[in-house]
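Chains as they are written, first to last, in the working numbering: chain A, 6 to 489; chain B, 599 to 906.
C-beta: ideal position from N, C-alpha, C; glycine also.
Report on the structure given below.
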Amino acid sequence: MRRSLSSVRSPLVAELVEALAVDRVDHNDLARRLFARDASVITGGRTGVVCFPTSTEEVQACVRVARRHGRAVVARGSGTGLAGGAVPCDEPVVVVTTKMNNILSVDTDNRIAWVEPGVINLDLTRALTPHGFHFAPDPSSQQSCSIGGNLANNSGGPHCLAYGVTSAHIVAAEVVLADGSRAMLGDLTAEPAGYDLRGVFVGSEGTMGIATKIAVRLTPNPPALCTMLLDFATVRDAAMAVSGIIAAGVVPAAIEMMDAAITRAVEQYVGAGYPIDAAAVLLVEVDGLAGSVEVERAIIERVGRANNARTIRVAANDAERALLWKGRKTAFGAIARIKPNYYLHDTVIPRTKLVEVLEAVYEIADRHQLLVMNVFHAGDGNLHPLLVYDAREPGILERVHQAGAEIVAVSLAAGGVLSGEHGIGLEKRKFMAQQFSADDLDHQNRARRAFDPDNVMNPGKVLPTGASCGDVQHLDTMPEGVWL
Amino acid sequence: MALSTALESFAEEVGGIDAGAVCVRGGATRWAVGGAPRADTREVRAPRGIVSYEPAEMTVQVGAGTSIAELHDELAAHRQVTVLEGPAGATVGGALAVGRNGLRRLRHGPMRDVLLEARYVSAEGRLIKAGGPTVKNVTGFDLCRLHVGALGTLGLLGQATLRTRPLPETMAWFGGAADHRVVLGSLYRPAAVLWDGLTTWVLLEGYGVDVEAEGLLCGRLGLGPSDGPPELPAHRWTTSPADAARFPTDHGDAGPFIAELGVGIVHASQPQPAQPPATGRHELQQRLRHEFDPTSRLNPGRDPLGRE
C-alpha cells in the first residue's frame with residue numbers, strides 16, 4: 006500500500022501538489038532513486054521531488070514553486086540520455102514530461118506537426134505515415150526516446166547523414182524559462198526576425214528552459230530506397246570505401262559501419278545474414294526518386310569493388326531491408342553476450358581520417374588490454390568506440406577510463422569534436438576545455454546566462470562550471486539499457 | 599598572410615571595449631538591412647581567402663571577407679557548392695550575418711545550417727571559436743546558429759567553416775498555369791516552386807534521370823520548359839508556407855508578388871507591414887545582445903529584429 010504523502014509533506018511538496026495533483030508529485034524513496042539515473046553509467050544523482058505536469062501552465066508552476074524554495078529544476082523525458090544530462094544534482098525538482106505526450110496537430114500545408122515534449126520519437130513517425138511523412142532524426146533509442154529529449158540533446162541517428170540532426174527538424178518551440186515565464190522561439194514563418202533563439206536552445210540540454218510545445222518538420226517519405234550490405238576483409242578497406250562514396254559526390258541517407266567483433270555478435274544474436282568472417286561491414290542506404298537511387302546504387306557498388314568489397318548484398322524487399330537494419334539497431338543487446346558492461350564514446354572526426362583514427366583506437370584498446378567494438382555512423386565520421394568489460398575484474402575501470410580519455414584525445418588531435426549526438430551532460434564536461442578555450446566557454450556561458458541568469462535550469466551540465474555534483478560517480482555499475 | 603595571423607590582425611583592428619563603435623564591411627550589398635550602421639562607426643574588414651578545402655570532407659574553411667563568387671568558383675572545380683547566395687560582390691560573412699536564404703531552400707534547407715564553425719571577434723576584442731569543423735557536432739551550445747542573421751551584433755565574423763554539397767548534374771526550369779498546390783504536392787524535393795497568383799514555376803535539380811522523370815510529370819501537370827520567373831520584386835515578406843500558398847491574388851497590400859511555395863518567402867512590390875512581437879522573444883533578444891556586447895559597440899544601428 007502506498008504511504009500517504011500528506012503526513013510527511015514538506016512545504017515544497019505541498020505547493021507542488023497544490024499546483025499539480027497528488028498523484029503527479031512523487032517524493033518517495035523509490036521514485037527519487039529511479040529518477041536519479043538516466044541511461045548513462047553515471048550514478049550518485051540526487052533527486053528532490055519528481056513532478057509529472059500535463060500542461061505548459063503546470064510546468065510553469067513547477068518552475069515557480071521550485072524557485073520559491075531555492076531548488077533547481079531538471080527536465081527529463083524518457084531518460085534514455087547517455088551523458089548524464091538528466092541526472093539530477095543537489096536535490097532539484099525533476100520535471101518529467103512523459104505525461105505531456107499528445108500530438109496536437111499535423112499541418113501538412115506547413116509541413117509541420119505541433120507535439121508535446123513527451124511524444125515518443127517512433128510514435129510520431131508512425132502517426133505521420135498515413136500522411137506520407139516521417140520525423141527524420143532516428144536515434145537507435147527511437148522506440149523509447151522523446152521528442153523533448155531529442156530537442157534537448159540535438160539528437161542524431163543513422164539517417165541524419167543526409168537529413169541533418171534534430172536542429173534541422175525543429176521549426177519552433179514554446180518554452181518555459183527559469184523565471185516561470187513562457188516564450189515562443191522561432192515560428193512557422195520562413196525567416197523569423199531577430200536572433201535564432203530556437204537554434205541555440207536546441208541542444209542546450211535543459212540548461213536554457215523546458216520545451217512544452219514543439220513544431221517539428223515533416224520530411225516526405227522517399228518514393229524509392231535501396232539498402233545494401235558490403236563486406237570487407239580489412240577495416241581499412243571499409244573506411245576507404247566510406248571516404249570514396251562521399252568523394253564521389255554521393256550523400257547516402259545512411260552509411261553505418263560495424264567491425265568484426267560486433268558483426269559476429271550481432272549475427273549470433275539476430276541472424277540477419279551478416280558475414281561472420283568479415284573484418285568490417287557497411288550498411289548503406291540511398292533514397293529518393295527511382296532514377297537517382299539506381300544511379301547511386303551503381304556508384305556505391307563501383308566504389309565498394311574498387312576498395313575490395315568481398316560481397317555486396319542488395320536488400321530485395323522490405324523484409325530483407327528490415328532485417329539488415331535490425332542487426333544494426335540491436336547491436337547493443339548483442340554485446341551482453343560478450344561482457345556484462347560497456348562504456349562508449351561519441352566523438353566525431355573528419356571522415357577522411359577514419360582509417361588512421363580507427364587504427365589508433367584499436368591500438369589504444371590493445372595497449373590497455375581491453376576489447377573494443379566499433380559500430381557507428383561512418384558517413385559523417387561519428388565514432389562510437391565501445392569498450393566492453395566486466396566490472397568485477399579488479400583494476401579494469403581505471404583502464405577503461407584511461408583508454409576512453411586517450412580515444413577522446415586522438416579524435417580531437419585528428420580535428421574532431423567531443424560529441425556527435427549524445428551531448429555533454431555531466432560525462433564529458435571535463436573534456437570541454439580540450440576543445441574550447443576559456444574565452445570560447447565564456448561565450449557559451451553568456452548564451453546560457455541570457456536564458457537563465459541565476460543558473461537554476463539543470464545546473465552543472467555541459468559547461469565545466471556550476472553545481473558541484475560531488476556525489477556523482479562514473480562507471481561503477483552496469484548500465485541498464487544503452488542505445489546509440 | 600597565414601589566416602591565423604590574419605585573424606589576429608583582424609581582432610587587433612577591432613580592438614577592445616575602449617576602441618569605440620565598429621562595424622564590419624563585406625560587399626555592402628545589403629548594407630541597409632536592419633538599418634544602416636551608425637554614422638560615427640569605424641569600418642573594419644574581415645580576412646579574405648580560402649584557408650582549407652577538402653572536397654572529400656565536403657567542408658571548406660574560408661575568410662569571412664571572401665566573396666561568395668570567389669568561393670563558389672573554387673568549389674565548382676570539384677563540382678561542389680554551398681547554400682550561400684547573394685548579390686554580386688556579396689561576401690561569405692555578409693551573407694551569414696544577413697541570414698537571407700536563396701531560392702533553392704526547399705530542396706537544400708535553410709542557410710542557417712551551413713555554418714559548422716565560426717571564428718569571430720568579441721566585443722572585448724577576443725578571438726572566439728564557436729561550433730566545430732566536423733559535419734556533425736553537438737559539443738556545447740550551438741552559438742553558430744545565433745550568429746547567422748545577427749547582423750554582426752554578437753561578434754564580428756572572421757572565418758567560417760561551411761558545409762558544401764555536390765553541384766547537381768543538371769537543372770531545369772518549368773512554368774505554366776497549373777494549380778500551384780497540386781504542383782507542390784506532386785513533386786519530390788524540387789529545388790523551388792514559385793507562384794505569382796497566376797503562373798507557377800518549378801526548378802528541378804539533381805541527376806539527369808530524375809530531372810527528366812519529374813519534368814515529364816510537370817508536363818502532365820500543365821507546365822512546360824521555361825526560363826524561370828521574371829525579376830523578383832524588391833521587397834521580402836516572411837510568412838508561413840501555408841500563407842504563401844494562399845497569398846491574395848488581387849495583390850492586396852503587397853503589389854505584384856512572387857511567392858516561394860513550401861518555404862514562405864514572398865517577394866513583393868511593397869514592404870511587409872510590421873509584425874506583432876512574439877511572446878517573450880524581445881526580452882531574450884535584448885539580454886543576449888547585452889551579454890555579448892554590453893556597450894553596444896558592434897555594428898550599432900543595425901537591428902536583427904528589423905530585418906526588412
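Just to confirm, are residue 437/A and residue 446/A a CB contact at a threshold of 8 angstroms?
Walking along the first sequence from the start, residue 437/A turns up at place 432. Walking along the first sequence from the start, residue 446/A turns up at place 441. For residue 437/A and residue 446/A, yes; Cβs fall inside 8 angstroms.
Decide if the stretch 89-106 of chain A is in contact with the stretch 40-49 of chain A; the criterion is three or more beta carbon pairs, one per stretch, under 8 angstroms apart.
Output reads yes: the stretch 40-49 of chain A touches the stretch 89-106 of chain A.
Starting from residue 334/A, follow the alpha helix (DSSP H) in both directions and report where the run begins and ends.
The residue given as residue 334/A occupies position 329 in the first sequence. First-last of the alpha helix (DSSP H) with residue 334/A: 323-334.
If we count Cβ pairs, one from each stretch, closer than 8 angstroms, do we get three or more for the stretch 48-57 of chain A versus the stretch 22-37 of chain A?
Contact annotation: the stretch 48-57 of chain A touches the stretch 22-37 of chain A, with at least three C-beta pairs closer than 8 angstroms.
Identify which residue in 904/B, 849/B and 622/B has its Cα closest to the Cα of residue 718/B.
On the second sequence, residue 718/B is found 120 positions in, with the first residue counted as 1. Nearest option by C-alpha distance: 622/B.
Looking at chain A, which residues of the stretch 722-744 of chain B have a Cβ within less than 9 angstroms of any of its Cβ atoms?
In summary, the residues of the stretch 722-744 of chain B whose CB is separated from some CB of chain A by less than 9 angstroms are 722, 724, 725, 726, 727, 728, 729, 730, 731, 732, 733, 734, 735, 736, 737, 738, 739, 740, 741, 742, 743 and 744, in the order they occur in the chain.
CA-to-CA distance, residue 643/B to residue 604/B, given in whole angstroms
By 1-based counting over the second sequence, the position of residue 604/B is 6. By 1-based counting over the second sequence, the position of residue 643/B is 45. Cα to Cα, the separation comes out at about 11 angstroms.
Return the first residue and the last residue of the beta strand (DSSP E) that residue 290/A is part of.
Sequence index remark: in the first sequence, residue 290/A carries index 285 (1-based). Boundaries of the beta strand (DSSP E) harbouring residue 290/A: 285-293, taken from the DSSP string.
If you run the structure through DSSP and keep just helix, strand and coil, what is residue 67/A?
Taking the first residue of the first sequence as 1, we reach residue 67/A at position 62. Assignment of residue 67/A by DSSP, reduced to helix, strand and coil, places it in the helix class.
Using a Cβ-Cβ cutoff of less than 7 angstroms, which residues in the same chain neighbour residue 242/A once the five nearest sequence positions on both sides are dropped?
To locate residue 242/A, count along the first sequence from 1; it is residue 237. A distance below 7 angstroms between beta-carbons, with the five flanking residues on each side excluded, links residue 242/A to the following residues of its chain, in chain order: 312 and 313.
Taking 8 angstroms as the cut-off, does the stretch 349-357 of chain A touch the stretch 127-147 of chain A (at least 3 CB pairs, one atom from each stretch)?
Contact check between the stretch 127-147 of chain A and the stretch 349-357 of chain A: fewer than three CB pairs, one atom from each, fall below 8 angstroms, which does not count as touching.
Would you verify that the beta carbon of residue 489/A is, or is not, closer than 8 angstroms to some beta carbon of chain B?
Reading the first sequence from its first residue, position 484 is the one you call residue 489/A. Below a pLDDT of 50, predicted positions are generally treated as unreliable, and residue 489/A, at 40, falls in that range; the measurement from the model is reported next regardless. Cβ-Cβ to chain B under 8 angstroms: no for residue 489/A.
Name the residues in the stretch 197-208 of chain A whose C-beta lies less than 9 angstroms from a C-beta of chain B; which are they?
Listed by position, the residues of the stretch 197-208 of chain A near chain B (Cβ gap below 9 angstroms) are 197, 198, 199, 200, 201, 202, 203, 204, 205, 206, 207 and 208.
Helix, strand or coil for residue 621/B per DSSP?
Counting from 1 along the second sequence, the entry for residue 621/B is found at position 23. Residue state, collapsed to three classes: strand.
So, with DSSP's three-state summary, where would you put residue 485/A?
In the first sequence, the residue the question calls residue 485/A occupies position 480. Confidence at residue 485/A is low in this model, with a pLDDT of 42, below 50, so the placement of that residue should be treated as unreliable; the coordinate-derived value is given next. Three-state result, residue 485/A: coil.
At a Cβ threshold of 8 angstroms, is residue 445/A touching chain B?
Residue numbering aside, residue 445/A sits at position 440 when the first sequence is read from its first letter. For residue 445/A, the answer is yes, since a Cβ of chain B falls inside 8 angstroms of its Cβ.
Taking residue 21/A as the reference, which of 52/A, 71/A and 50/A has the closest Cα?
Residue 21/A sits at position 16 when you count from the first residue of the first sequence. With distances taken between CA atoms, residue 21/A lies nearest to 71/A out of 52/A, 71/A and 50/A.
Hey, how far is the Cα of residue 868/B from the Cα of residue 850/B?
Reading the second sequence from its first residue, position 270 is the one you call residue 868/B. Reading the second sequence from its first residue, position 252 is the one you call residue 850/B. A direct Cα-Cα distance of roughly 10 angstroms separates residue 868/B from residue 850/B.
Going by Cα to Cα distance, which pick from 185/A, 287/A and 113/A is closest to residue 316/A?
Looking up residue 316/A in the first sequence gives position 311. Residue 316/A has its Cα closest to that of 287/A, out of 185/A, 287/A and 113/A.
Any heavy atom of the ligand GDP within a distance shorter than 7 angstroms of the CB on residue 749/B?
Within the structure as shown, the ligand GDP is missing, as the structure has no ligands at all.
In the DSSP assignment, the beta strand (DSSP E) including residue 274/A goes from what residue to what residue?
As a first step, residue 274/A is located in the first sequence; it is residue number 269 there, counting from the start. Looking at the DSSP string, residue 274/A is not in any beta strand (DSSP E); the run it does join, the alpha helix (DSSP H), is 265-275.
Interface residues of chain A around residue 612/B at Cβ under 9 angstroms?
Here residue 612/B refers to the residue found at position 14 of the second sequence. Residues of chain A passing the Cβ test: none, with the nearest at roughly 14 angstroms.
Could you tell me whether any Cβ in chain A is nearer than 8 angstroms to the Cβ of residue 921/B?
Since the first and last residues shown for chain B are 599 and 906, residue 921/B lies out of range.
Identify, in the order they occur along the chain, each residue of the same chain with its Cβ nearer than 8 angstroms to the Cβ of residue 815/B, setting aside the five sequence neighbours on each side.
In the second sequence, residue 815/B corresponds to position 217, counting from 1. Apart from the 5 residues on each side of it in sequence, residue 815/B sits with its Cβ closer than 8 angstroms to the Cβ of 784 and 785 in its chain, given in chain order.
Whole-Å CB distance - residue 205/A paired with residue 744/B, under 8 angstroms assumed:
By 1-based counting over the first sequence, the position of residue 205/A is 200. By 1-based counting over the second sequence, the position of residue 744/B is 146. Yes, they are in contact, since the Cβ atoms of residue 205/A and residue 744/B sit about 5 angstroms apart, within 8 angstroms.
Over what stretch of residues does the alpha helix (DSSP H) that includes residue 250/A continue unbroken?
Position 245 of the first sequence, counted from the start, is the residue given in the question as residue 250/A. Boundaries of the alpha helix (DSSP H) harbouring residue 250/A: 240-252, taken from the DSSP string.
Assigned exposure category for residue 780/B - 16 Cβ within 10 Å defines buried
Against the second sequence, residue 780/B aligns to sequence position 182. With fewer than 16 other Cβ atoms inside 10 Å of its own Cβ, residue 780/B counts as exposed.
Just how far apart, CA to CA, sit residue 677/B and residue 803/B?
Against the second sequence, residue 677/B aligns to sequence position 79. Against the second sequence, residue 803/B aligns to sequence position 205. Going by the C-alpha atoms only, they are around 14 angstroms apart.
According to DSSP, which residues form a beta bridge with residue 799/B?
Your numbering for residue 799/B matches position 201 in the second sequence. In the DSSP output, where bridge partners are listed per residue, residue 799/B has 773/B and 792/B.
Under the three-state reduction of DSSP, which class applies to residue 8/A: helix, strand or coil?
The residue given as residue 8/A occupies position 3 in the first sequence. Note that residue 8/A scores a pLDDT of 48, beneath 50, so its modelled location is shaky and nothing firm can be said.
Measure from the alpha carbon of residue 358/A to the alpha carbon of each residue in 377/A, 417/A and 391/A, then state which is nearest.
Along the first sequence, read from residue 1 onward, the residue named residue 358/A stands at position 353. Closest in C-alpha terms to residue 358/A, from the list 377/A, 417/A and 391/A, comes 417/A.
Using DSSP with H/G/I as helix, E/B as strand and the rest coil, what is residue 371/A?
For this step, residue 371/A is matched to residue 366 along the first sequence. Assignment of residue 371/A by DSSP, reduced to helix, strand and coil, places it in the helix class.
Label residue 737/B either buried or exposed according to how many other C-beta atoms from any shown protein chain fall within 10 Å of its C-beta, with 16 as the threshold for buried.
On the second sequence, position 139 is the one that residue 737/B refers to. Its Cβ being crowded by 16 or more others within 10 Å, residue 737/B is buried.
Express the C-alpha separation of residue 645/B and residue 758/B in angstroms, rounding to a whole number.
Here the question's residue 758/B lines up with position 160 in the second sequence. Here the question's residue 645/B lines up with position 47 in the second sequence. Between the C-alpha atoms of residue 758/B and residue 645/B there is a straight-line separation of about 11 angstroms.
Let me make sure I understand the geometry here. Which of 182/A, 383/A and 465/A has the alpha-carbon closest to that of residue 260/A?
Within the first sequence, residue 260/A is the residue found at index 255, counting from 1. Selected option, being the one with the closest Cα: 383/A.
Close beta carbons around residue 725/B, own chain, < 8 angstroms, minus the five adjacent residues each side
Here residue 725/B refers to the residue found at position 127 when the second sequence is read from its first residue. The residues 605, 606, 609, 717, 718, 719 and 756, in chain order, have a CB closer than 8 angstroms to that of residue 725/B in the same chain once the five nearest residues on each side in sequence are set aside.
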